[in-house]
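**Student:**
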Ligand code: NAP
């Protein structure tokens with residue numbers, strides 16, 4: 003038995019009972035890294051660690067289903083930066099996460115394998131649900147968010163991102179989304195936006211939810227109307243959703259990018275104030291060990307020239323290269339909200355600017371189910387749009403991760419898993435037609 007019958011049933015729009023009665027295959031194709039290759043890049047600088055060498059696409063056995071889980075026939079997935087980290091084995095190989103999960107429970111043991119199926123996004127169709135699942139059925143068209151939470155843990159019952167054993171699916175757990183079939187907890191499921199194709203629906207959940215929590219949620223910066231928000235990497239995976247949330251919420255985004263083409267893309271999104279960091283030639287680090295406050299000042303002056311004041315919120319994720327500048331330019335009483343450190347996680351900033359001006363640095367990580375659901379609702383209701391610029395077949399997962407690793411992409415990269423071609427899966431063509439320009443903005447700008 004292969005996944006062909008599943009694909010045919012989905013393409014024909016078979017009813018849920020029929021999909022639920024389909025025999026399950028013993029194996030399926032998936033993108034994974036291998037434990038016995040985790041030292042393959044030892045000693046190389048990060049830029050030379052090549053996801054194309056580490057990511058394999060082949061058949062893997064179908065794991066058993068726990069009572070609170072669902073099998074999802076994955077039509078499409080996307081590349082997130084965590085798949086880059088997994089495939090270059092930085093900052094740590096992810097097999098340690100799988101071993102830790104393996105020690106937690108009988109069901110956790112399934113994850114501790116010599117291969118790690120990667121990917122933290124998916125759109126698709128529910129194939130089967132476990133005996134404890136209430137609200138989802140075979141045939142449901144879904145997207146998947148990546149907050150993997152143990153609801154038996156008391157620490158998960160305030161904000162589940164604070165749970166002691168909170169994990170990111172497909173990064174800190176196995177059986178991720180870059181595969182024909184995925185195993186997810188029922189509390190990761192969300193409705194698929196009906197007006198989007200499978201690949202457009204697949205690219206949002208991780209980055210859109212992250213940006214929602216960072217900008218909108220009380221757990222993040224809780225932006226209010228008229229606030230100025232500096233967004234680093236404003237056409238990147240999280241930045242492009244952040245800009246949309248700032249605009250929707252009546253804020254004033256200042257987007258930082260590194261090329262004229264990206265600046266144009268931002269203008270087309272409705273972001274008026276844009277800084278091309280490469281054209282401006284900022285050198286926040288005079289050398290490897292010393293930052294240059296004159297450059298922070300020059301950057302702050304540019305922001306004031308554009309919007310007339312300092313940013314109330316700085317949407318921070320590049321890390322070491324930019325954090326000193328971010329803390330410096332944030333307004334008196336302002337907030338630097340950070341979820342990452344792509345360019346290095348040992349951060350240096352001048353603390354005098356922080357305490358004397360009563361600024362806050364706040365850490366943020368993905369989103370709880372409620373936040374992911376709200377963020378997905380914005381997509382379903384066409385208030386936030388996907389930022390997909392290109393689509394790859396599953397076989398080219400390594401190439402797609404390579405492009406993200408080297409900042410060659412805009413927005414998000416989609417990956418077709420079971421979907422045989424792009425453009426399928428739309429069940430609300432009217433809404434799609436109404437918002438087509440916004441939905442396809444990043445794709446069209448890719449040339
Ligand atoms: P991405 O698609 O690669 O976008 C990052 C953007 O950052 C790029 O478009 C680039 O824009 C900018 N950038 C890269 N290096 C920079 C530097 N040295 N200085 C200034 N800007 C730089 O990645 P992403 O999906 O947005 O993710 C960004 C980071 O957030 C990654 O480290 C990722 O792992 C992390 N993340 C964390 C969470 C979480 O829940 N904690 C969730 C999602 C992502 P320009 O070159 O145009 O300026």
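In the numbering used here, the protein residues as written are 3 to 449.
Ideal Cβ positions, reconstructed from N, Cα and C, are used throughout, including at glycine.
Roughly how many angstroms lie between the CA atoms of residue 267 and residue 27, to the nearest whole one?
**Tutor:** Looking at the two C-alpha atoms, the distance is approximately 43 Å.
**Student:** Of the choices 156, 199 and 214, whose alpha-carbon is the least far from that of residue 147?
**Tutor:** Ranking the options by Cα distance to residue 147, first place goes to 214.
**Student:** What first and last residue would you give for the alpha helix (DSSP H) that runs through residue 118?
**Tutor:** Per DSSP, residue 118 belongs to no alpha helix (DSSP H); it is in the beta strand (DSSP E), 117-119.
**Student:** Does the beta-carbon distance from residue 65 to residue 173 come in below 9 Å?
**Tutor:** No, the Cβ-Cβ distance between residue 65 and residue 173 is not below 9 Å.
**Student:** Is there at least one non-hydrogen atom of ligand 1 closer than 8 Å to the beta-carbon of residue 240?
**Tutor:** True, at least one ligand heavy atom lies under 8 Å from that Cβ.
**Student:** Let me confirm a value: residue 212 is counted as buried when at least 16 other C-beta atoms fall within 10 Å, else exposed. Which label applies?
**Tutor:** Buried.
**Student:** When DSSP labels each residue in this structure, what does residue 252 get in the three-state scheme?
**Tutor:** Coil, per DSSP.
**Student:** Would you kindly work out how many angstroms separate the C-alpha atoms of residue 233 and residue 361, rounded to a whole number?
**Tutor:** Rounded to whole angstroms, residue 233 to residue 361 spans 17 Å at the Cα level.
**Student:** Using the three-state DSSP reduction, which class does residue 123 fall into: helix, strand or coil?
**Tutor:** Correct three-state label for residue 123: coil.
**Student:** If you compare alpha carbons, which of 324, 371, 336 and 107 is closest to residue 348?
**Tutor:** It is 324.
**Student:** Could you compute how far the alpha carbon of residue 284 sits from the alpha carbon of residue 295?
**Tutor:** The alpha-carbon atoms of residue 284 and residue 295 are separated by roughly 11 Å.
**Student:** Apart from the five residues on each side of it in sequence, which residues of its chain come closer than 7 Å, Cβ to Cβ, to residue 370?
**Tutor:** Correct list, in chain order: 149, 161, 162 and 163.
**Student:** Quick one: is the Cβ of residue 99 within less than 8 Å of any heavy atom of ligand 1?
**Tutor:** Not under cutoff, so the answer is no.
**Student:** Alpha carbon to alpha carbon, how far is residue 384 from residue 274?
**Tutor:** The alpha-carbon atoms of residue 384 and residue 274 are separated by roughly 21 Å.
**Student:** Quick check: the segment 412-428 against the segment 195-213, are there 3 or more CB pairs under 8 Å?
**Tutor:** Counting Cβ pairs under 8 Å, three or more are found: they touch.
**Student:** Short of 7 Å in beta carbon distance, which residues of its chain neighbour residue 88, apart from the five on each side in sequence? Order them along the chain.
**Tutor:** For residue 88, where only same-chain residues beyond five positions count, the Cβ hits under 7 Å are 35, 96, 118, 120 and 173.
**Student:** Three Cβ pairs or more, each shorter than 8 Å: is that satisfied between the segment 213-232 and the segment 179-192?
**Tutor:** No, the segment 213-232 does not touch the segment 179-192.
**Student:** Rounding to the nearest angstrom, what Cα-Cα distance links residue 341 and residue 387 in this structure?
**Tutor:** Near 21 Å, if we compare the C-alpha coordinates of residue 387 and residue 341.
**Student:** Using only CA atoms, which one of 314, 374 and 70 lies nearest to residue 255?
**Tutor:** Here the closest residue by C-alpha is 314.
**Student:** In the DSSP assignment, find the beta strand (DSSP E) that holds residue 73 and state where it starts and stops.
**Tutor:** Counting along the chain, the beta strand (DSSP E) containing residue 73 begins and ends at 71-80.
**Student:** With DSSP collapsed to three states, give me the class of residue 351.
**Tutor:** DSSP places residue 351 in coil when its eight states are reduced to three.
**Student:** Do residue 396 and residue 418 count as a contact pair if the criterion is CB distance below 9 Å?
**Tutor:** Yes.
**Student:** Run through DSSP, which three-state label would residue 240 get?
**Tutor:** It is coil, neither helix nor strand.
**Student:** Just mark residue 408 as buried or exposed, buried being the case when its beta carbon has 16 or more other beta carbons within 10 Å.
**Tutor:** So residue 408 counts as exposed.
**Student:** Can you tell which of 43, 116 and 126 has the C-alpha that lies nearest to the C-alpha of residue 182?
**Tutor:** Among 43, 116 and 126, the Cα nearest to that of residue 182 belongs to 126.
**Student:** Going residue by residue through the segment 306-348, where are the continuous alpha helix (DSSP H) segments of at least 4 residues, counting only ones entirely within it?
**Tutor:** Correct list: 325-331.
**Student:** Which residue from 442, 363, 303 and 334 puts its Cα closest to that of residue 392?
**Tutor:** For residue 392, the nearest C-alpha among the options comes from 442.
**Student:** Going by C-alpha to C-alpha distance, which of 231, 123, 344 and 333 sits closest to residue 75?
**Tutor:** The shortest C-alpha separation from residue 75 is found at 123.
**Student:** Check whether the Cβ of residue 245 sits closer than 8 Å to any heavy atom of ligand 1, and report yes or no.
**Tutor:** Incorrect: residue 245 has no Cβ contact closer than 8 Å to ligand 1.
**Student:** Checking the sheet assignment: what are the DSSP bridge partners for residue 287?
**Tutor:** BP columns for residue 287 point to 293.
**Student:** What's the gap between the Cα of residue 449 and the Cα of residue 265?
**Tutor:** Because the pLDDT at residue 449 is just 47, under 50, the model does not fix this residue reliably, and the value given afterwards should be weighed accordingly. Rounded to the nearest angstrom, the two C-alpha atoms are 15 Å apart.
**Student:** Would residue 18 be called buried (16 or more neighbouring beta carbons within 10 Å of its own) or exposed?
**Tutor:** Classification for residue 18: exposed.
**Student:** Would you say residue 59 lies against chain B (beta-carbon separation less than 9 Å)?
**Tutor:** Protein chains in the displayed structure number just one, and chain B is not present.
**Student:** Ends of the beta strand (DSSP E) at residue 132?
**Tutor:** Element bounds for residue 132: n/a, residue is neither H nor E.
**Student:** What do you reckon, is the C-beta of residue 320 under 8 Å from a heavy atom of ligand 1?
**Tutor:** Residue 320 Cβ: within cutoff of ligand 1.
**Student:** Helix or strand or just coil, what does DSSP make of residue 449?
**Tutor:** Below a pLDDT of 50, predicted positions are generally treated as unreliable, and residue 449, at 47, falls in that range; the measurement from the model is reported next regardless. Of the three classes helix, strand and coil, the one that applies to residue 449 here is coil, per DSSP.
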